[in-house]
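Below is one structure, written out as structure tokens, with a few remarks after it.
Protein chains: 2
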Amino acid sequence: MLHDPAQLDLMFQALADPARRQMVDRLSRGPASVSQLAEPLAMSLSAVVQHLNLLEASGLVRTQKVGRVRTCQIEPKALRAAEHWINERRLAWELRLDRLGDFLAQTNDEN
Amino acid sequence: MLHDPAQLDLMFQALADPARRQMVDRLSRGPASVSQLAEPLAMSLSAVVQHLNLLEASGLVRTQKVGRVRTCQIEPKALRAAEHWINERRLAWELRLDRLGDFLAQTNDEN
DNA sequence: GCAATAGTTAAGTAAATGCTTCAGTGTTGA
DNA sequence: TCAACACTGAAGCATTTACTTAACTATTGC
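These protein sequence lines are chains A and B, in that order. Every letter in the first sequence is one number past the one before it in numbering that gives the first Met the number 0, and letter 91, counting from 1, is 90. Every letter in the second sequence is one number past the one before it in numbering that gives the first Met the number 0, and letter 88, counting from 1, is 87.
Here is the structure:
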């Protein structure tokens, strides 16, 4: 489910913006309201809400509104999906290098 | 070096585009020339070169030109840096959840 | 030498992005 | 009840992005 390309697209796109990464960073230390997320950022609350909506659409953040405050938290599954994508590619490359190394070592032995 | 925010910015931005992720995916299976990278993509070679330049600027891909062909390969260190950023945030969150779980279990025991 | 190959560069353009301000809505506490 | 609070949504705008085409350079193989 989390591996469908469209969702992956939204996630990486969400992580591409420094303000949004800062928000994720803040949320990694615990839940926060929209205003709390906005506080360290040099932009209007409205802008923060727009970023937050993107983060939520990407699945990286989940929010729930109680009364007038919207509380946000990280969705670790989504983070794991992004992590996983990168990890698979890196591992593929590194395993390839290993096999190449083995091959070279082996052909060296044969001399 | 690889943890400076500007570089991280470039990397996540580079990964945000599906065409560029496809290029990284291709490169995870081994080095390729610009034309080889372009082949499965529905866009001009020129567009591919522009994507490639971004990937190189981000540090995710290293290229070297021999004669008239530019050969590209993945830079696993950069991938690891992106992976690491995500992993740290996710772990921070999950450890927090664990501590919270422990706390709740403990306060439950006391009843 | 010269045509084909492999890539590069510049200029232009349409669409997307990251804001802003302003005018709301619903909630809460005194 | 009513002002302050916590957000929300729409419109507008400047910038950036993801392309395109077209003209170009440098290599290679015959």
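C-beta: ideal position from N, C-alpha, C; glycine also.
Pro75(A) and Gly66(B) have their alpha carbons spaced roughly 47 Å apart. For the stretch 78 to 102 of chain A, the set of residues with a beta-carbon nearer than 7 Å to any beta-carbon of chain B comprises Leu78, Arg79, Ala81, Glu82, Ile85, Asn86, Arg88, Arg89, Ala91, Trp92, Glu93 and Arg95, in chain order. It is roughly 10 Å from the alpha-carbon of Ser32(B) to the alpha-carbon of Gln63(B). Here the stretch 48 to 62 of chain A does not lie against the stretch 51 to 58 of chain B, with fewer than 3 beta-carbon pairs under 8 Å apart. The Cβ atoms of Gln72(B) and Arg61(B) lie closer than 8 Å to each other. Against Ala15(B), the close residues of chain A are Phe11, Gln12 and Ala15, in the order they occur along the chain (beta-carbon pairs closer than 7 Å).
When only Cα atoms are considered, Val23(A) and Ser45(B) end up about 35 Å apart. Here Val68(A) is exposed: its Cβ has fewer than 16 other Cβ atoms, across all protein chains shown, within 10 Å.
Of the candidates Pro30(B), Glu87(B) and Arg88(B), the residue whose Cα lies closest to the Cα of Leu96(A) is Pro30(B). Listed along chain B, the residues sitting closer than 8 Å to Asp24(A) by beta-carbon distance are Arg88. Exposure of Met42(B) is indicated by the presence of fewer than 16 other C-beta atoms within 10 angstroms of its C-beta.
Among the residues of chain B, those whose CB is under 7 Å from the CB of Gly29(A) are Arg95, following chain order.
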